[in-house]
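Have a look at the structure below before the remarks.
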Amino acid sequence: TMVLLWIHWLGLVWQLRPASFRRRNFLWVLTCLAGMTVRGDLLGATSIIRSLGLKEVCYDRILDFFPSPALNLDKLTQAWVALVQKIYPSILRSNGRILLVGDGLKIAKSGKKMPAVKLLHQQSESNTKPKYIMGHSCQAVALLAGTLKSVFAIPLISRIHQGLIFLMSTDLTLPPLEIIRLYGLRFKIEVSFKQAIRTLGVYAYHFWMQAMTPIRRLSGASASTEKPRNIEMLSAENLMPTTDIFKSGSLPKVCSSIFPRYSPNSYGLPSVPGFELFVQAYVRQNKSRPSP
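For the sequence shown, the numbering used here gives the first residue as 843, with consecutive numbering after it.
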């Protein structure tokens, strides 16, 4: 069963190959994806090294991989979106249109030499949340799919948000009740956010630059992202969450391929705690470690 799991997993992620011109670059993508799939902690690149039993020399290679311009993040995202539409046939539609849900998330980052970190305002009635934090404002988009009576969100993309974006609908043919129903499906992405933070560690990155001018505390202006080195580091901050999103979106499909009776619950996809965690633990315990 373990071999079949890895075969199905590799068959899915290998379809992302068109996003990379060089085979070597794509093999590093597979390495990071495999490490994130079976890792037992959320401690960044070191967790990938430990989970796969890699040598110490691979640590610097992984750190250099994420900010490297050799991998086109836009092409990688396009390949992932095409793969999701291919492997999930039960995509929800309304009036022939695919349903997408989006939401924002503010991630606290205390690093003074991290690009795009700025003062953020949190609108919440909870007394445990500070009104202002220093961090990244991330925006995510997910695709809605259905299995039997359940509807779940499949993450497509997550980016550090800069500037303003207005999303509007001009479809006047939708009935009022249908608009309310579709808006209610937006909360399916909350399940993905919950797992991304608490289980997957999607936003637990900490990329920083020694040569960057430290950001002033409580500064509302982020560091300039026009400099080439800042652009590379910002790309790394976007690539690592994107890689984790690929893992969270492909693992449920692997589960359903090996275990046909498996189906997502009515609360969303993936479930927390869910069957994916069992498969992740199973693969982690039965994987073969390379000799040092």
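Beta carbons are placed, not taken as given, at the ideal position from N, Cα and C, and that holds for glycine.
So, with DSSP's three-state summary, where would you put residue i?
i	result
R881	coil
S1108	In this prediction, S1108 scores a pLDDT of 46, lower than 50, which makes its location untrustworthy; the coordinate-derived value is nonetheless stated afterwards. Reduced to three states, the DSSP call for S1108 is coil.
V899	helix
F908	coil
D1086	helix
K960	strand
Q981	strand
Y1047	coil
S936	strand
L1081	helix
G988	strand
L1024	helix
I975	strand
L1014	coil
K954	coil
Q857	helix
R866	helix
S966	coil
I1057	coil
L852	helix
V845	helix
Give the range of the beta strand (DSSP E) segment to which residue i is assigned.
i	result
S992	S992 to I1002
For the alpha helix (DSSP H) that residue i lies in, which residues bound it at each end?
i	result
I949	Here I949 belongs to no alpha helix (DSSP H); instead the beta strand (DSSP E) covers L942 to A950.
L925	L915 to I929
S893	A887 to L894
Go ahead and label residue i buried or exposed: buried means 16 or more other beta carbons lie within 10 angstroms of its beta carbon, across all protein chains shown.
i	result
E1079	buried
F868	buried
R866	exposed
K897	exposed
A958	buried
D1086	buried
K1030	buried
G853	exposed
R864	exposed
P931	exposed
G1110	Note that G1110 scores a pLDDT of 44, beneath 50, so its modelled location is shaky and nothing firm can be said.
W856	exposed
P1038	According to the sequence as given, residue 1038 is Ala; it is not Pro. Answer is buried; the Cβ neighbour count reaches 16.
Any heavy atom of the ligand GTP closer than 7 Å to the beta-carbon of residue i?
i	result
G977	This structure simply doesn't include the ligand GTP, nor any ligand for that matter.
Under 8 Å between C-beta atoms, does residue i make it to chain C?
i	result
Q964	The structure shown contains no chain C; it is built from a single protein chain.
Open item on the list: Taking contact to mean 3 or more Cβ pairs, one atom from each stretch, closer than 8 Å, check whether the stretch 881-893 and the stretch 920-932 are in contact.
Closed with: Flag = no, the stretch 881-893 and the stretch 920-932 do not touch.
Task: Touching by the beta-carbon criterion (3+ pairs, under 8 Å), the stretch 898-908 and the stretch 976-988 - done: Cβ pair count under 8 Å is below three, so no.
Task: Cβ contact (3+ pairs, closer than 8 Å) linking the stretch 940-960 and the stretch 970-979 - done: With a cut-off of 8 Å, the stretch 970-979 and the stretch 940-960 count as touching, because enough Cβ pairs lie within range.
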